[in-house]
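Visitor: The structure under discussion is supplied below as structure tokens; questions concerning it will follow.
Protein chains in written order, with the UniProt record's numbering: chain V, 1 to 214; chain Z, 1 to 214.
Here you go:
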């Protein structure tokens with residue numbers, strides 16, 4: 001299924017990161033690494049400047065504030081996941097097919113962006129005010145992709161339920177893989193995705209034939 | 001099923017916390033709250049002492065070091081989850097029954113110990129050396145409970161698989177609920193547990209009758 005999957009989603013497994021990194025990108029990358037390692041509250045602005053090789057004044061020019069930095073890198077991560085998910089929804093056919101590809105893209109994104117993922121998972125609650133509202137809205141949009149696929153499955157007669165608790169359960173299983181997912185491990189990220197999709201699908205997909213009641 | 005479940009596991013839904021808190025317990029509670037709020041690296045020892053109403057010298061007498069504090073509260077949390085899981089394994093009957101109760105106890109523990117859970121989820125990687133080894137071993141023991149139940153289900157002919165990826169998938173779904181599980185929300189913790197158990201069981205439980213191959 002691998003080649004079809006990639007052809008359908010139109011998204012390469014890994015992105016070309018060979019282009020010249022801008023100062024803004026470098027700051028975001030360094031911030032993701034530092035926040036992931038030492039926590040958002042445990043990382044000072046001076047330390048970020050040192051690690052990025054940039055003076056404090058210039059740092060503030062580029063980022064505004066430490067919280068803005070946390071917001072920007074979190075937003076970028078969720079927006080990328082959302083773009084990949086939307087590409088699946090636009091191109092894949094049928095609830096089962098869409099679901100399998102959404103799971104693959106989800107795990108690929110986690111595997112490719114480990115620092116950002118750790119930061120979003122551990123630190124998003126440090127965001128306040130309008131930034132917290134915006135990030136939450138983006139995360140809800142992403143959650144909505146899974147809700148939509150489950151609902152489409154129900155309408156196709158293939159899935160038994162698309163309730164919010166099931167949607168949250170599915171996303172919980174996928175999100176928490178960031179703790180143990182190892183892109184260099186013996187089982188590939190795509191195979192892990194397929195097996196988790198199987199585990200979930202056998203839970204939400206109705207049996208193809210009715211079995212007599214016991 | 002609620003009353004049976006409790007009778008079978010022998011574990012009350014909530015523990016009586018009315019006993020006199022010792023200094024050691026107070027320090028652990030305050031540390032869990034501070035680490036959950038500001039991160040392990042973002043919380044100073046002086047701040048912990050102030051919050052616990054204890055001088056720095058006495059604090060070191062009680063805890064040794066900040067890392068020791070993180071270790072002790074993480075260990076206590078995992079040990080309690082393990083004790084509750086083992087009680088289920090000793091008292092419940094059949095893989096399905098054990099599995100359902102393990103899921104309930106897991107979510108109850110998460111709901112009751114929110115600060116500790118956040119700390120373990122976000123900060124366990126800050127542990128080093130022997131402490132990291134010990135905590136990892138405890139977490140593996142807990143994981144083993146779920147692996148055992150799935151394996152028992154396979155041996156009973158009720159479950160299709162008990163591979164490590166499925167075990168990790170199940171635990172991932174359950175663990176990540178700490179982000180959205182709301183003990184005061186419209187759906188009770190036990191009902192959420194039952195619905196997630198359903199979602200998983202319909203994935204791992206074989207249909208009761210074979211359906212002809214298509």
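Beta carbons: idealized from backbone N, C-alpha and C, even for Gly. From a predicted model like this one, the values you see are computed outputs, not experimental measurements.
Since residue 39 (chain V) and residue 40 (chain Z) are thought to touch, with beta carbons under 8 Å apart, how far apart are those beta carbons, to the nearest angstrom?
Guide: Yes, residue 39 (chain V) and residue 40 (chain Z) are in contact; Cβ-Cβ is about 7 Å, under 8 Å.
Visitor: Taking CB distances under 8 Å as the criterion, tell me whether residue 196 (chain Z) reaches chain V.
Guide: Interface residue, yes.
Visitor: Which residues in the same chain have their Cβ closer than 7 Å to the Cβ of residue 56 (chain V), if we skip the five residues on either side of it in sequence?
Guide: For residue 56 (chain V), where only same-chain residues beyond five positions count, the Cβ hits under 7 Å are 45, 46, 49.
Visitor: Report yes or no: do the segment 144 to 156 of chain Z and the segment 125 to 144 of chain V share at least 3 C-beta pairs separated by less than 8 Å?
Guide: Verdict: no, contact absent.
Visitor: Here's the rule: buried if 16 or more other CB atoms are within 10 angstroms of the residue's CB, otherwise exposed. What is residue 85 (chain Z)?
Guide: Burial call: buried.
Visitor: Answer yes or no: does any C-beta atom of chain V fall closer than 8 Å to that of residue 28 (chain Z)?
Guide: So, not an interface residue.
Visitor: Could you run through the segment 176 to 190 of chain V and flag, in chain order, every residue whose CB is less than 8 Å away from some CB of chain Z?
Guide: From the segment 176 to 190 of chain V, only 176, 177, 179, 180, 187 have a Cβ closer than 8 Å to chain Z.
Visitor: Between the segment 52 to 70 of chain V and the segment 24 to 40 of chain V, are three or more C-beta pairs nearer than 8 Å?
Guide: Result yes; three or more Cβ-Cβ pairs closer than 8 Å.
Visitor: Considering only their Cβ atoms, is the gap separating residue 162 (chain Z) from residue 302 (chain Z) smaller than 8 Å?
Guide: Shown here, chain Z extends from 1 to 214; a query on residue 302 (chain Z) therefore has no answer.
Visitor: With a threshold of 7 Å (Cβ to nearest heavy atom), would residue 182 (chain V) be considered close to the ligand PLP?
Guide: Among the components of this structure there are no ligands whatsoever, and the ligand PLP is therefore not found.
Visitor: Determine the chain V residues that contact residue 166 (chain Z) at a beta-carbon separation under 8 Å, and present them in chain order.
Guide: Correct list: 195, 199.
Visitor: Shortest alpha-carbon distance to residue 117 (chain V) belongs to which of V:105, V:144, V:102, V:74?
Guide: Residue 117 (chain V) has its Cα closest to that of V:74, out of V:105, V:144, V:102, V:74.
Visitor: Quick one, which residues of the segment 27 to 46 of chain V are near chain Z if we go by CB-CB under 9 Å, in chain order?
Guide: Result list: 37, 38, 39, 40, 41, 42, 43.
Visitor: Less than 6 Å between C-beta atoms, sequence neighbours within five positions excluded: which residues of the same chain meet that for residue 106 (chain V)?
Guide: For residue 106 (chain V), where only same-chain residues beyond five positions count, the Cβ hits under 6 Å are 174.
Visitor: Cα separation between residue 83 (chain Z) and residue 167 (chain Z)?
Guide: Rounded to whole angstroms, residue 83 (chain Z) to residue 167 (chain Z) spans 19 Å at the Cα level.
Visitor: Under 8 Å between beta-carbons, which chain V residues line up against residue 63 (chain Z)? List them in chain order, please.
Guide: The premise fails here: residue 63 (chain Z) is roughly 19 Å from chain V at the closest Cβ pair, so nothing lies under 8 Å.
Visitor: Exposed or buried, what is residue 136 (chain Z) when buried is set at 16 or more other beta-carbons lying within 10 Å of its beta-carbon?
Guide: By the 10 Å Cβ count, residue 136 (chain Z) comes out exposed.
Visitor: Tell me the DSSP secondary structure of residue 80 (chain V) in three-state form.
Guide: Correct three-state label for residue 80 (chain V): helix.
Visitor: Could you spell out where the alpha helix (DSSP H) holding residue 56 (chain V) opens and where it closes?
Guide: Looking at the DSSP string, the run of the alpha helix (DSSP H) that includes residue 56 (chain V) is 56 to 63.
Visitor: Report yes if the CB atom of residue 111 (chain Z) is closer than 8 Å to the CB atom of residue 181 (chain Z), and no otherwise.
Guide: For residue 111 (chain Z) and residue 181 (chain Z), yes; Cβs fall inside 8 Å.
Visitor: Return the CA-CA distance between residue 81 (chain Z) and residue 109 (chain Z), expressed in angstroms with no decimal places.
Guide: Going by the C-alpha atoms only, they are around 7 Å apart.
Visitor: Using a Cβ-Cβ distance under 8 Å, would residue 173 (chain V) count as near chain Z?
Guide: Chain Z, which has a Cβ nearer than 8 Å to the Cβ of residue 173 (chain V), makes this yes.
Visitor: Which of the three DSSP states is assigned to residue 85 (chain Z) in this structure?
Guide: Correct three-state label for residue 85 (chain Z): helix.
Visitor: Decide if residue 189 (chain V) is buried, meaning its Cβ has at least 16 other Cβ atoms within 10 Å, or exposed.
Guide: Burial call: buried.
Visitor: Does residue 77 (chain V) come within less than 8 Å of chain Z when only Cβ atoms are used?
Guide: With 8 Å as the cut-off, residue 77 (chain V) does not count as an interface residue toward chain Z.
Visitor: Can you check whether the CB of residue 120 (chain V) is closer than 8 Å to the CB of residue 77 (chain V)?
Guide: Contact flag set, yes.
Visitor: Please classify residue 172 (chain V): does DSSP put it in a helix, a strand, or coil?
Guide: Reduced to three states, the DSSP call for residue 172 (chain V) is helix.
Visitor: Name the residues in the segment 107 to 141 of chain V whose C-beta lies less than 7 Å from a C-beta of chain Z; which are they?
Guide: Those would be 122, in chain order.
Visitor: Kindly list the residues whose CB is nearer than 7 Å to the CB of residue 102 (chain Z), restricted to its own chain and excluding five residues on each side of it in sequence; keep chain order.
Guide: For residue 102 (chain Z), where only same-chain residues beyond five positions count, the Cβ hits under 7 Å are 85, 88, 145, 146, 149.
Visitor: From residue 156 (chain V) to residue 128 (chain V), what does the alpha carbon distance come to, in whole angstroms?
Guide: In a straight line, the C-alpha of residue 156 (chain V) is about 41 Å away from that of residue 128 (chain V).
Visitor: Among Z:187, Z:183, Z:164, Z:172, which one has its Cα closest to the Cα of residue 164 (chain V)?
Guide: When only C-alpha atoms are compared, the closest one is Z:187.
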